[in-house]
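Note sheet for the following structure.
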Ligand code: GDP
Ligand code: MN
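Numbering (the numbering used here), first residue to last: 409 to 825.
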């Protein structure tokens, strides 16, 4: 029973984290990703970023005259895929048409399968030379945690969601494990291009493309480099038509130049606040806010909330030292979510003493003027003293003794809310 609940919560967390690139990975826009890839010799169409219809028109004029292309493509720049189907990718045959499309696109809210129902507002565009596409493919590199290696994935199903391909037609997806010591071997890049059914000029260009992409991926410490679609043109060229790059946040200190690429307007404002205070926060859609130290305990706490008939409103790990400041910051972030009906604090005072945490909670509760029931379970050094402090505080703080008791108290708090 408990085990099953555990799995549920892990699934929940994993889902929340996967569908939400922060706090694990910094995401950037397509045009920024393409600029980086170009420096590593990855073939990318010529493109210009535009913040207004006027800029889009100028960009289109420049591309028409320099690239001699028949069309330009106007692409909404948001941190989400699926723009094509949602009207965020349009072709223009003239600079005037690019102007009109840009006028419509800038300021519009794009709703795609990756944005959630609220969608994302378009603030920037990429105007790019149009390509003479013959075929679309998929190429992606990411870390495979089960083998502790980078995995190169290629598929003949370009433009499709790769998760769907993996599930429904796995024979169309080739995965190649890359040895971290040797890096990508040329036979592996050839195997990938062969799998895509390419020949001649297209084959050679694809091999070079894949090798350059892998070099870029490792050099910039990316967590994901995904090209969907990769296209081959009738002229035998190979290009990245789309580019999704996520950085490994733990390696960003080695790439200070990438920090300025962060576009905070694309991120969840609450998660941005949380990351400023070094809190690991992921927003979920339940009604019980929780504040916990340690990811393992946080997951167990989410199970407990579920068991008590509630749904976790968030994942929040305040880290090893639950200081009064982090507790206060944590409360503020949890309270900014209007769905929250009760808060559960579950902190193990091993390094930090429970009485200090209790002091921090009381101080924060007074300062913020907490109006919701807060169930507090503190275990570890000086736990009895902490419990007494909470009980004597005269605030809406309910101390709990053990997990079971905490679950019961969450349940009754929800029932009377
Ligand atoms: P996503 O939908 O957010 O993943 O955006 P993409 O950049 O992948 O673009 C979606 C689709 O638009 C692609 O699969 C292409 O079919 C089409 N597209 C994008 N750029 C071009 C281009 O230069 N020429 C043409 N003809 N189609 C394009
Ligand atoms: Mn795409």
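Backbone N, C-alpha and C define an ideal beta-carbon position, used for all residues, glycine too.
For residue 623 and residue 654, the rounded distance between their alpha carbons: For the purposes of this step, residue 654 is taken as residue 246 along the chain shown, with counting starting at 1. For the purposes of this step, residue 623 is taken as residue 215 along the chain shown, with counting starting at 1. Rounded to whole angstroms, residue 654 to residue 623 spans 15 Å at the Cα level.
For residue 698 and residue 710, the rounded distance between their alpha carbons: Here residue 710 is taken as the residue at index 302 of the chain shown, counted from 1. Here residue 698 is taken as the residue at index 290 of the chain shown, counted from 1. The C-alpha of residue 698 is placed about 8 Å away from the C-alpha of residue 710.
Cα-Cα separation between residue 436 and residue 526, rounded to whole angstroms: Position 28 of the chain shown, counting from 1, holds the residue named residue 436. Position 118 of the chain shown, counting from 1, holds the residue named residue 526. Residue 436 and residue 526: Cα-Cα distance of roughly 20 Å.
Cβ-heavy atom distance, residue 588 to the ligand GDP, below 6 Å: The count along the chain shown starts at 1 and reaches residue 588 at position 180. For the ligand GDP, no non-hydrogen atom lies closer than 6 Å to the CB of residue 588.
4-residue-minimum alpha helix (DSSP H) runs that sit fully inside the region 551-593, ordered along the chain: Within the region 551-593, the complete alpha helix (DSSP H) runs of at least 4 residues fall at 570-576.
Touch test, the region 684-697 against the region 455-475, Cβ-Cβ under 8 Å, three pairs minimum: Touching, no.
Chain-ordered list of residues that sit, by beta carbon, closer than 6 Å to a heavy atom of the ligand MN: That query returns the following residues: 489, 636 and 650.
N-terminal and C-terminal residue of the alpha helix (DSSP H) that residue 492 is part of: Your numbering for residue 492 matches position 84 in the chain shown. If you look at residue 492, you'll find it in the alpha helix (DSSP H) that goes 491-494.
Cβ-heavy atom distance, residue 531 to the ligand GDP, below 6 Å: Sequence index remark: in the chain shown, residue 531 carries index 123 (1-based). Residue 531 Cβ: outside cutoff for every heavy atom of the ligand GDP.
Buried/exposed call for residue 487, threshold 16 Cβ in 10 Å: In the chain shown, counting from the first residue as 1, residue 487 sits at position 79. Residue 487 is buried by the Cβ-count criterion.
Near the ligand GDP: residue 492 beta-carbon under 6 Å from a heavy atom: Within the chain shown, the letter at position 84 stands for residue 492. For the ligand GDP, at least one heavy atom lies less than 6 Å from the Cβ of residue 492.
Integer-rounded CB distance, given that residue 434 should sit under 8 Å from residue 657: The sequence position of residue 657 within the chain shown is 249, counting from 1. The sequence position of residue 434 within the chain shown is 26, counting from 1. About 6 Å separates the two Cβ atoms, so the contact holds.
With 16 other Cβ atoms within 10 Å as the buried cut-off, status of residue 459: In the chain shown, the residue the question calls residue 459 occupies position 51. Looking at its Cβ environment, which holds fewer than 16 other Cβ atoms inside 10 Å, residue 459 is exposed.
Given 8 Å, three or more beta-carbon pairs between the region 613-633 and the region 548-558: As far as the Cβ criterion goes, the region 613-633 touches the region 548-558, which means the pair count is three or higher.
Option nearest residue 625 by Cα separation, candidates 820, 441 and 816: What you label residue 625 is simply residue 217 of the chain shown in a count that begins at 1. The residue with the shortest Cα to Cα distance from residue 625 is 441.
Given residue 664 as reference, the closest of 628, 716 and 510 once Cα atoms are compared: In the chain shown, the residue the question calls residue 664 occupies position 256. Looking at 628, 716 and 510, the one whose alpha-carbon comes closest to that of residue 664 is 628.
Boundaries of the alpha helix (DSSP H) in which residue 448 is found, first to last residue: Here residue 448 is taken as the residue at index 40 of the chain shown, counted from 1. Membership of residue 448 in any alpha helix (DSSP H) is not indicated, and neither H nor E is assigned to it by DSSP.
As assigned by DSSP and simplified to three states, the class of residue 459: Taking the first residue of the chain shown as position 1, residue 459 is located at position 51. Coil at residue 459, not helix or strand.
Closer than 6 Å: residue 777 CB and nearest the ligand GDP heavy atom: In the chain shown, residue 777 corresponds to position 369, counting from 1. Answer for residue 777: no, Cβ out of range of the ligand GDP.
Segment contact, 8 Å Cβ cut-off, at least three pairs: the region 768-776 with the region 719-726: The region 768-776 is not in contact with the region 719-726.
Identity of the residue in 671, 538, 540 and 588 nearest residue 560 by Cα: Taking the chain shown and counting its residues from 1, one reaches residue 560 at position 152. Here the closest residue by C-alpha is 588.
Residue 541 Cβ short of 6 Å to the ligand GDP heavy atom set: In the chain shown, counting from the first residue as 1, residue 541 sits at position 133. The answer is yes for residue 541.
Environment of residue 763 [buried if 16+ CB atoms lie within 10 Å]: The residue you call residue 763 lines up with position 355 of the chain shown. So residue 763 ends up on the buried side.
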